[in-house]
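J.: Position 127 (the sequence shown) corresponds to 127 in UniProt numbering; numbering is contiguous.
All C-beta atoms, glycine included, are put in the ideal place defined by N, C-alpha and C.
Treat the numbers as computed from the prediction; the structure is a model and nothing was measured.
I have a structure I would like to understand better, so I am pasting it below and will then ask my questions one at a time.
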Amino acid sequence: MIRSKPFFSIIIPALNEVKYLPHLLEDLTSQTFRDFEVLVVDGHSRDQTVAKAKLFARRLPHLTILQSPQPHVCVQRNLGAKKAHSEILVFLDADNSLPSYFLQGLKYRWESSHVDILACWFKPDIMKPSNETIATAVNLFLELQHTLKPTYLLESMFAITKSCFQTIGGFDESVNYAEGKSLIQSAISHGYTSKVVRDPVYTYSFRRLRKFGVLSMANRIAKMELSALLNQDLSKTKFTDLYPMQGGSFFHQSARARSRFLTNITKLLKNL
Numbered sequence: 001m002i003r004s005k006p007f008f009s010i011i012i013p014a015l016n017e018v019k020y021l022p023h024l025l026e027d028l029t030s031q032t033f034r035d036f037e038v039l040v041v042d043g044h045s046r047d048q049t050v051a052k053a054k055l056f057a058r059r060l061p062h063l064t065i066l067q068s069p070q071p072h073v074c075v076q077r078n079l080g081a082k083k084a085h086s087e088i089l090v091f092l093d094a095d096n097s098l099p100s101y102f103l104q105g106l107k108y109r110w111e112s113s114h115v116d117i118l119a120c121w122f123k124p125d126i127m128k129p130s131n132e133t134i135a136t137a138v139n140l141f142l143e144l145q146h147t148l149k150p151t152y153l154l155e156s157m158f159a160i161t162k163s164c165f166q167t168i169g170g171f172d173e174s175v176n177y178a179e180g181k182s183l184i185q186s187a188i189s190h191g192y193t194s195k196v197v198r199d200p201v202y203t204y205s206f207r208r209l210r211k212f213g214v215l216s217m218a219n220r221i222a223k224m225e226l227s228a229l230l231n232q233d234l235s236k237t238k239f240t241d242l243y244p245m246q247g248g249s250f251f252h253q254s255a256r257a258r259s260r261f262l263t264n265i266t267k268l269l270k271n272l
């Protein structure tokens, strides 16, 4: 039982994540900042995800494991937010990794940024030039567009006030991909603010990139970017042939900016 509100409520949706979730929970046990609760929202995993999570009950005394009515990441995140005790919600993917100082750094950034939504830079789980290039490009893009007109939010890690989350109705449960896009756009339209900071840095799993292959992944990203540049609303389309986790980045700038962006994407495709 939570006697007082924790500083952070960490919400982790999971579905058959027995290979990854225990590592993230282990990272959370090692945090130098301890004022947080953890809510694992399972989507009816068929493996030992829940059983493994329960093993952390003693080391994470404020751990709650919830069962989602359906295996849908938006439904799972919304359920976690509904059950959270803190005014600050932190959403994490089950395959993230965190350094021991991550929550301490996040607390500092949160208190000094004075925004309603805060995201951090990430690094790839396997450090090699091609992965680092992709990570840097994505990080810079996210940082830039949040200083201009936020239109995209990487759902793998971000903090948001519970009041903001509730006001905008949480995640749109009819969206099948790029769920962060509709959330951030709704928040901004309601007058809320956001920021992307360069530290603390968390580790983001490139397992989907490895599964599909670098060239295939780059092709998927390019297709999504093209959809964004064409300004097509494809958020409710099931993109079984596209990147299944992240949606397209939206880059509605000048014609010169669009041209430069397409040139850079072309170079990336040639180099991968």
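By a C-beta neighbour count over all protein chains shown, 10 Å radius and 16 as the cutoff for buried, is residue 119 buried or exposed?
T.: Taking the sequence shown and counting its residues from 1, one reaches residue 119 at position 119. That one is buried.
J.: Could you round the C-beta distance between residue 42 and residue 205 to whole angstroms and report it? I think they count as a contact, below 8 angstroms.
T.: For the purposes of this step, residue 42 is identified with residue 42 of the sequence shown, where counting begins at 1. For the purposes of this step, residue 205 is identified with residue 205 of the sequence shown, where counting begins at 1. Incorrect: roughly 18 angstroms between the Cβ atoms, too far for contact.
J.: Quick check on residue 26: does DSSP put it in helix, strand or coil?
T.: Here residue 26 refers to the residue found at position 26 when the sequence shown is read from its first residue. If DSSP states are grouped into helix, strand and coil, residue 26 belongs with the helices.
J.: Quick check: the Cα distance between residue 135 and residue 207, rounded to an integer number of angstroms?
T.: The residue you call residue 135 lines up with position 135 of the sequence shown. The residue you call residue 207 lines up with position 207 of the sequence shown. So the two alpha carbons sit approximately 13 angstroms from each other.
J.: With 16 other CB atoms within 10 Å as the buried threshold, where does residue 70 fall?
T.: In the sequence shown, counting from the first residue as 1, residue 70 sits at position 70. Exposed, because fewer than 16 other Cβ atoms sit within 10 Å of the Cβ of residue 70.
J.: Could you spell out where the beta strand (DSSP E) holding residue 204 opens and where it closes?
T.: As a position in the sequence shown, residue 204 is number 204, starting the count at 1. 194 to 204 is the span of the beta strand (DSSP E), which, as asked, contains residue 204.
J.: Where residue 14 and residue 24 are concerned, what is the direct C-alpha to C-alpha distance, given to the nearest angstrom?
T.: One-based indexing of the sequence shown puts residue 14 at position 14. One-based indexing of the sequence shown puts residue 24 at position 24. Roughly 11 angstroms separates the two Cα atoms.
J.: If we call anything under 8 angstroms between Cβ atoms a contact, is residue 87 one with residue 5?
T.: Position 87 of the sequence shown, counted from the start, is the residue given in the question as residue 87. Position 5 of the sequence shown, counted from the start, is the residue given in the question as residue 5. Yes, they are a contact pair.
J.: Could you name the residues of the same chain whose beta carbon sits closer than 8 angstroms to that of residue 110, not counting the 5 residues immediately before and after it, in chain order?
T.: As a working mapping, residue 110 is identified with position 110 in the sequence shown. Excluding residues within five positions, the ones whose Cβ falls inside 8 angstroms are 88, 118, 159.
J.: If you run the structure through DSSP and keep just helix, strand and coil, what is residue 137?
T.: As a working mapping, residue 137 is identified with position 137 in the sequence shown. Three-state result, residue 137: helix.
J.: At 3 residues or longer, and completely inside the UniProt domain "Glycosyltransferase 2-like" (9 to 137): list those beta strand (DSSP E) runs for me, N to C.
T.: DSSP runs (the beta strand (DSSP E)) wholly in the UniProt domain "Glycosyltransferase 2-like" (9 to 137): 36 to 42, 63 to 67, 88 to 92, 117 to 124.
J.: For the alpha helix (DSSP H) that contains residue 165, what are its first and last residues?
T.: Here residue 165 refers to the residue found at position 165 of the sequence shown. It spans 162 to 167 - the alpha helix (DSSP H) in which residue 165 sits, taken as one unbroken run.
J.: From the DSSP output, in three-state form, read off residue 159 for me.
T.: Counting from 1 along the sequence shown, the entry for residue 159 is found at position 159. Residue 159: strand per DSSP, three-state reduction.
J.: Pick helix, strand or coil for residue 191, following the three-state DSSP scheme.
T.: Counting from one through the sequence shown, the residue named residue 191 turns up at place 191. Residue 191 falls in the coil class under three-state DSSP.
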